[in-house]
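Residue numbers (the numbering used here): 44 to 703. Just so you know, even glycine gets a beta-carbon here, dropped at the ideal spot from N, CA and C. In what follows, a structure is listed as structure tokens, so that the remarks can point back to it.
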């Protein structure tokens, strides 16, 4: 552990560039020179991606860029004291003390604890003052190792006693508890914990904190929570065990605010406690942290709710759609003209023990047809139920499901499901804001909220919105069914580009939702759109696999390994298989993915490839119409995307050599 930081990882009083990314690049290069990273570009991409999510500058002229990466061979600290200082996003100005914390992707707990302790040490003014006065890199190493307990501290001169906090009557001291966390769980989690702790000490309050980070931390006992006057959540992720805080006054803010404004957060939490109408951790929100969505702009909240609905809907679509497609295949083995098949009539006339003259393949096909049909028929109600859940948690599920069912009844389709889910969720959410007597509040999530929200959303859908939404849905279906030639190819290009743009993100999901929602109509056009979306979604990882196979010298060892895995991921319609490449090189990977996917979508639509199944990639090829062109479209898109990426990456390498 003494090798966490060495003199060759320290830069003092040098001009390291005009912006934070140049400084991070310099620090990453120091790791490469020290033999602590297997791939400079992968490490830098991970650190840059982390920095772009949240500023790592904190008050006091300090910055702590950090990341986890498979390219880091051992936990490492690199330090810079640049001159001039560089802006890392802190409110009080640029940073002149920068520590780069680099951890392996699977770092062990002991090392992660040391790295976290380093971040906490930066909250101590005496430590940062000593770092600014250090004359050599060796002095910095000694200071860091003393702070981490890796060497014995030199004796210190007796210090004057700090001013005591404002005296308070015995038993009158306010008690605060807090939870902190951040995406990587190394730095901000513990710095926020210490920032809040020091602020509480200065204010004269009792304080306990539970850092939910990678290196662990003392967990709050239920007694400590019960005795607390207020709770501070300084978090970037859902709070683990939030149900422990049910009923407590609280304030919730980004973890960085726990570092920048800890005293203000504590006072805001106490203000909520003093306000009879202040925020309290509710039982519903505590039990449903997965869908916690009670902060931020309404546009963001509604978007998150829509994505929640889609994520819960997809298993119904996938299971129901594939089973239905298998049923079609078995029915077609007996009756080529599927228009003459009535599965309900077949099942009513036969059973496994008495086929009554019905072919076994036809009977089994009718059974699978029926089972899969139930899965697809639940698609819209489930979508609506979990959109409402994303806005109001559990009290929104029943109203959303019923509103979605009404949307199906009146012909509103998936658009009606979206609208019904939003109406139900918003109504249930607003009802949760009411301040009611305890006897009535306990009935709200089980009886009152589902009743009122169902009447509100279901009534609006049935009496007012159903007709217009049914007209929009039928018009959309008519337009899709009328597409031929150029218009179909153009739609394939658009859907393909969307699938290749953000690789499982919101744009990709929007295209997939558009395709799956149309499957319930059972039309040829909807199945052609589904095929185009599946094939286009296969292309980005396949393109990366092609590129790493054709020109392996252009790629690092880890990238070549990712390329091998991308063959299977792409074939299975898992667009996220290209994300490691897009993270490291977005300006070349994303355009290549979009172009390749657009080519695949255009070929698929132009050739009339159709899929009754909503997922599965190449493994559902026996179920699709025109399987040869299914493969042609996927291969063509992968080749175009892969070759384009090779060209772009080669040009970038040539340019770098020319300027070297």
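- Residue 412: member of the alpha helix (DSSP H) spanning 403-420, first to last residue.
- With fewer than 16 other CB atoms across the displayed protein chains lying within 10 angstroms of its CB, residue 693 is exposed.
- Nearest to residue 511 by C-alpha distance, out of 454, 576, 475 and 499, is 454.
- Inter-residue distance for residue 78 and residue 167 is about 31 Å (C-alpha atoms, whole angstroms).
- In this structure, residue 606 places its C-beta atom within 9 Å of the C-beta atom of residue 592.
- Counting other Cβ atoms within 10 Å of its Cβ, residue 376 stays below 16 and is therefore classed as exposed.
- DSSP, read as helix, strand or coil, puts residue 438 in helix.
- A residue is called buried once 16 or more other Cβ atoms fall within 10 Å of its Cβ, and residue 391, having fewer, is exposed.
- Boundaries of the beta strand (DSSP E) harbouring residue 120: 119-124, taken from the DSSP string.
- Take residue 263, set aside five residues on each side of it, and the residues of its chain with a beta-carbon closer than 7 Å to its own are 220, 251 and 253, in chain order.
- Nearest Cα to residue 299 within the set 129, 232, 315 and 341: 232.
- Under the three-state reduction of DSSP, residue 616 is assigned to coil, being neither helix nor strand.
- Taking the C-beta atoms as reference points, residue 488 is found nearer than 9 Å to residue 438.
- In the three-state DSSP reduction, residue 225 falls in the coil class, being neither helix nor strand.
- Relative to residue 266, the option among 575, 386, 288 and 630 whose CA is nearest is 288.
- In the DSSP assignment, residue 186 falls within the unbroken alpha helix (DSSP H) covering 180-190.
- Between residue 66 and residue 120, the gap from beta carbon to beta carbon reaches 9 Å or more.
- Beyond the five residues adjoining it in sequence on each side, residue 51 comes within less than 6 Å, by CB distance, of 77 in the same chain, given in chain order.
- For residue 640, the secondary structure class from DSSP, reduced to helix, strand or coil, is helix.
- The beta-carbon distance between residue 424 and residue 497, rounded to whole angstroms, is 12 Å. This is too long to meet the 8 Å contact definition.
- For the stretch 627-674, the full-length alpha helix (DSSP H) segments reaching 4 residues or more read 629-650 along the chain.
- Residue 676 and residue 538 have their C-alpha atoms roughly 14 Å apart.
- In terms of Cβ geometry, residue 370 and residue 410 form a close pair [threshold 9 Å].
- Bridge pairing for residue 80: 115 [DSSP].
- For residue 129, the three-state secondary structure derived from DSSP is strand.
- The three-state secondary structure of residue 249, taken from DSSP, is strand.
- In the structure shown, residue 340 falls within a coil segment according to DSSP collapsed to helix, strand and coil.
- Rounded to whole angstroms, the gap between the alpha carbons of residue 100 and residue 84 is 23 Å.
- Residue 401 and residue 419 have their C-alpha atoms spaced approximately 26 Å apart.
- Check the Cα spacing between residue 553 and each of 57, 352 and 243: the tightest is with 352.
- Sequence-distant partners of residue 550 (beyond 5 residues in either direction) whose C-beta falls short of 6 Å from its own C-beta, in its chain, are 541 and 544.
- Put simply, of 356, 687, 477 and 135 the residue whose alpha carbon is nearest the alpha carbon of residue 304 is 135.
- Sequence-distant partners of residue 177 (beyond 5 residues in either direction) whose C-beta falls short of 6 Å from its own C-beta, in its chain, are 183.
- Membership of residue 274 in any alpha helix (DSSP H) is not indicated; the residue belongs instead to the beta strand (DSSP E) covering 273-277.
- For residue 295, the uninterrupted beta strand (DSSP E) segment begins and ends at 293-296.
- Under the three-state reduction of DSSP, residue 598 is assigned to coil, being neither helix nor strand.
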